[in-house]
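Note that my numbering has the sequence shown beginning at 1101, numbered continuously upward. Only one structure is covered here, and it is reproduced in the block below.
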Amino acid sequence: MPPKLPYRPISDLLEPSRVKKNPFIEARKRAVAGYRRDPVKVRARKLVANAIVRGDLMPLPCSWRVDGHACGKMPTEAHHRSYEAGMELDVQWLCEAHHDILSTAARNKARRRRLGIVPSGTDDEQNGTQ
Ligand SMILES: [Zn+2]
């Protein structure tokens, strides 16, 4: 028989009921799930993916302006300025980091609008925040 361990095995601590969930990760999971469920956004993403496969749309280097110069990184993601019908292929090409910044800014602005808080000044309009 093996000697008794002076500490509890890690498997005890990793029982699902004992693992505390990170609230930030859980919030991100909910946000991503919501984004994937939104049929308008899902359709727009599919149209962009199909246009790329057809060759009608070509991913370009990141167009985020930093000190007057474009970031220029690749690979890029398509940022939809609008999800209106007919505007699905009107995208801005951004690297992952700048897409995150822009999407977070847009979400925060929408949240402020929902809460009736008037945004102070203009939020980075040169980079197309809406
Ligand atoms: Zn960039």
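All residues carry an ideal CB built from backbone N, CA and C; glycine is no exception.
CA nearest to the CA of residue i, picked from the options
i	options	result
cysteine 1195	Ala1178, Pro1102 and Glu1188	Ala1178
arginine 1118	Asp1200, Ile1110 and Arg1130	Ile1110
valine 1132	Ala1185, Ile1217 and Thr1204	Thr1204
arginine 1207	Arg1128, Pro1102, Ala1185 and Glu1115	Arg1128
Sequence-distant residues of its chain with Cβ nearer than 7 Å to residue i (five each side left out)
i	result
alanine 1151	Leu1157 and Leu1189
cysteine 1171	Cys1162, Trp1164, Cys1195 and His1198
Residue i, buried or exposed, once every other Cβ within 10 Å from all chains shown has been counted against 16
i	result
valine 1089	Residue coverage of the chain in this structure runs from 1101 to 1230, which leaves residue 1089 outside it and unanswerable.
leucine 1202	buried
threonine 1176	buried
arginine 1042	Only positions 1101 to 1230 of the chain appear in this structure, which leaves residue 1042 out of reach.
valine 1148	buried
8 Å CB neighbourhood of residue i in its chain, flanking five on each side removed
i	result
methionine 1174	Pro1159, Pro1161, Cys1162 and Cys1195
valine 1142	Arg1136
tyrosine 1183	Val1140, Lys1141 and Ala1144
Own chain, CB closer than 6 Å to residue i, minus 5 neighbours either side, in chain order
i	result
proline 1106	none
Quick one: complete beta strand (DSSP E) runs, 3+ long, within the stretch 1163–1216?
1177–1180 and 1191–1194
Please output, in chain order, the residues near ligand 1 using a CB cut-off of less than 7 Å to any non-hydrogen atom of the ligand.
Cys1162, Trp1164, Cys1171, Lys1173, Leu1194, Cys1195, Ala1197 and His1198
Just to confirm the assignment: which complete alpha helix (DSSP H) runs, minimum length 4, are found wholly within the stretch 1117–1163?
1123–1137 and 1139–1154
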